[in-house]
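What follows is one structure encoded as structure tokens, with my remarks underneath.
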Amino acid sequence: YYINIISNIREKYKNKKLLFHIYSQGNNDNFKMYENDDIMLHINEDTYNTFVGMVAADILVISPGSFSYAAALISDGEIYYKPFWHIPRKSWIICK
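In my numbering, the protein residues as written are 2 to 97.
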């Protein structure tokens, strides 16, 4: 799901230099599929810095959870939303 969205964003902004930041928790081995020159992993980092990084993102791809959803609500960036129980804003891009 996320690799597909990353590919779509790369294609949409193919004339721009992009750097993707992936914020998550877990074992680093579970994120090897994301390793790339244009991807920076932030695994098990401080909650405050993670939230600030998500809010400040130019493009934010949220997971179906309240933490990233709250960041999206106050972000001025382009938001990619995976449907779940919280309702998206009209300007958000719905992904399936």
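All C-beta atoms, glycine included, are put in the ideal place defined by N, C-alpha and C.
Rounded to whole angstroms, residue 48 and residue 67 show a C-alpha spacing of 13 angstroms. When the beta-carbon positions are compared, residue 73 and residue 61 come within less than 7 angstroms of each other. In the DSSP secondary-structure assignment, residue 43 is bridged to 24.
In this structure residue 75 is exposed. Its beta-carbon is surrounded by fewer than 16 other beta-carbon atoms within 10 angstroms. Distance from the CA atom of residue 29 to the CA atom of residue 40, rounded to whole angstroms, is 14 angstroms.
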